[in-house]
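For reference, the structure is listed below as structure tokens.
Numbering (the numbering used here), first residue to last: 27 to 226.
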């Protein structure tokens, strides 16, 4: 992994993650829950969304080990009992993050048609990162956004299982990635490639 790649990758991912988390906060606010706003998360300032461990420490260790960095922002807090429309409102809050990334990817694709050279390459990279972030977050495994969308439509027994899995937090997600990612990665990659072909 080259220094040039990191110099481009880290700012692009920070922008994508910041818009993603701010969109969660914005949708929560629009639906009547002000928790995120009161905690300063309704902001496009990347610093308020950085988690010391999962945004800084974990990716730094992975880079030192020569691995592609995996990082996560600090989750945006919201009270699902305060948002309008109950579980469907909570699903709208969850969906706002991935949708914002797809919107950024769409804009990048638009500008790619009138760009060339280095600008084209940077926009293409920005598009790919945002599509990848959106699709990954839509995987229906707690605590990813896709699980919160699925939760609104799931029967009660499945909701109880999802609640138990969510209790493991980020650790449960890392276990899932370690054990199951090789099986679902081809599906995720195929969806990403399909969307990228449409946008470019």
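Every residue gets a Cβ at the ideal spot worked out from N, C-alpha and C, and that includes glycine.
Which first and last residues belong to the alpha helix (DSSP H) in which residue 59 is found?
-> Premise fails: residue 59 is in no alpha helix (DSSP H) and is neither H nor E.
In angstroms with no decimal places, state the Cα-to-Cα distance between residue 209 and residue 57.
-> 36 Å
Could you tell me if residue 64 is buried or exposed, where buried requires 16 or more neighbouring beta carbons within 10 angstroms of its beta carbon?
-> exposed
Note down, in chain order, each residue of its chain lying with its Cβ closer than 6 Å to the Cβ of residue 75, except the 5 sequence neighbours on either side.
-> 44, 47, 99, 100.
So residue 89 is in the alpha helix (DSSP H); what residue range does that whole segment cover?
-> 84-90
Between which two residues does the alpha helix (DSSP H) harbouring residue 198 extend?
-> 195-225
Stretch-stretch touch, CB-based, cutoff 8 Å, three pairs: the region 181-198 with the region 151-162 = no
Between the CA atoms of residue 198 and residue 92 - distance to the nearest angstrom | 24 Å
Unbroken stretches of the alpha helix (DSSP H), 4 residues or longer, contained in the region 115-156 = none
Boundaries of the alpha helix (DSSP H) in which residue 178 is found, first to last residue = 171-179
Pick helix, strand or coil for residue 48, following the three-state DSSP scheme.
-> helix
8 Å Cβ cutoff met for residue 137 and residue 119 | no
Taking the continuous alpha helix (DSSP H) assigned at residue 191, which residues delimit it?
-> 182-192
Give the single residue among 153, 220, 128 whose Cα lies nearest to the Cα of residue 35.
-> 153
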